[in-house]
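Here it is as structure tokens:
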């Protein structure tokens with residue numbers, strides 16, 4: 184995955200670069216919008232991560248110019264400016280999501296993956312009987328669709344997208360319920376409801392760590 188970052192805080196730039204490049208991704212960053220627009224080959228990136236308050240051209244102006252060039256790569260704003268007016272302006276110029284500073288890098292990674300894998304149909308085999316479509320957020324059992332709530336879809340998406348990896352309750356709650364303050368018992372209840380719809384219990388509880396789906400052999 185190739186990531187283009189607009190951020191005038193060098194510390195944040197280095198932290199984002201270090202986190203994502205550990206997994207073999209590439210992160211290119213610019214401190215101001217003009218430099219980004221003049222030098223970056225925009226079509227080469229899978230995701231844009233943009234601060235709003237940057238010199239010369241801010242994140243809103245920069246993304247507006249990118250969209251004028253008919254480049255529709257998914258874009259996420261990383262910003263402390265989360266009032267409704269900034270949110271509205273961001274979506275008006277073409278952003279796809281907001282992540283508020285200070286942010287959790289695992290959550291940011293999950294949101295990036297959610298945007299990228301919604302652009303096409305990506306079917307993931309879970310067991311012999313079950314398959315999950317990361318694009319449509321649908322679960323199939325022997326090619327028959329399983330009815331899921333939005334919460335159940337989002338829970339499965341996170342677990343399937345990170346199949347083989349244990350996802351902590353904190354990350355699951357932040358992703359599924361976003362700004363809502365929910366307790367661990369709410370998560371456990373939702374997992375229990377989801378499991379009740381499955382004939383195979385492929386969601387594994389890792390004690391004191393979180394939940395995971397094992398890789399399909």
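Numbering (our numbering), first residue to last: 184 to 400.
Even glycine gets a Cβ: it sits at the ideal position worked out from N, Cα and C.
None of the values given here were measured: they were computed from a predicted structure.
Rounded C-alpha distance that separates residue i from residue j
i           : j           : result
residue 393 : residue 353 : 9 angstroms
residue 270 : residue 193 : 24 angstroms
residue 282 : residue 380 : 32 angstroms
residue 235 : residue 391 : 38 angstroms
residue 288 : residue 344 : 16 angstroms
residue 370 : residue 356 : 7 angstroms
residue 375 : residue 332 : 13 angstroms
residue 299 : residue 327 : 25 angstroms
residue 250 : residue 241 : 14 angstroms
residue 261 : residue 334 : 24 angstroms
residue 232 : residue 189 : 6 angstroms
residue 256 : residue 286 : 22 angstroms
residue 268 : residue 383 : 46 angstroms
residue 244 : residue 388 : 45 angstroms
residue 252 : residue 272 : 18 angstroms
residue 372 : residue 366 : 10 angstroms
residue 199 : residue 280 : 17 angstroms
residue 222 : residue 213 : 9 angstroms
residue 237 : residue 322 : 42 angstroms
residue 196 : residue 204 : 12 angstroms
residue 274 : residue 217 : 21 angstroms
Nearest neighbour of residue i, chosen from the options [CA to CA]
i           : options               : result
residue 215 : 280, 203 and 187      : 187
residue 396 : 365, 356, 308 and 364 : 308
residue 297 : 255, 259 and 324      : 259
residue 239 : 219, 255, 252 and 204 : 219
residue 292 : 399, 347 and 341      : 341
residue 400 : 384, 366 and 311      : 311
residue 386 : 346, 368 and 367      : 346
residue 306 : 267, 191, 339 and 280 : 339
residue 350 : 383, 290 and 252      : 290
residue 224 : 337, 254 and 280      : 254
residue 191 : 206, 398, 203 and 211 : 211
Cut-off 6 angstroms between Cβ atoms - residues of its own chain near residue i, not counting five sequence neighbours on either side
i           : result
residue 209 : 185
residue 263 : 284
residue 313 : 324
residue 230 : 186, 257 and 295
Residues of its chain near residue i, where Cβ-Cβ distance is below 7 angstroms and the 5 sequence neighbours each way are ignored
i           : result
residue 227 : 185
residue 202 : 288
residue 276 : 243, 246, 247 and 250
Beta-carbon proximity list for residue i, same chain, < 8 angstroms, skipping 5 on both sides
i           : result
residue 278 : 233, 246, 258, 259 and 260
residue 348 : 395
residue 337 : 320, 358 and 359
residue 398 : 346 and 347
task = Tell me the start and end of each unbroken beta strand (DSSP E) in the region 253–315 that is at least 3 residues and wholly inside, in chain order.
result = 258–262, 280–283 and 306–308
task = Please list the segments of the alpha helix (DSSP H) lying wholly inside the region 311–387, counting only runs of 4 or more residues, in order along the chain.
result = 333–344, 352–360 and 367–378
query = How do the region 362–371 and the region 312–332 stand: do at least 3 beta-carbon pairs fall below 8 angstroms, yes or no?
reply = Put simply, the region 362–371 does not touch the region 312–332. Fewer than three CB pairs are less than 8 angstroms apart.
query = Can you list the alpha helix (DSSP H) stretches of 4 or more residues lying completely in the region 192–229, in chain order?
reply = 193–204 and 216–222
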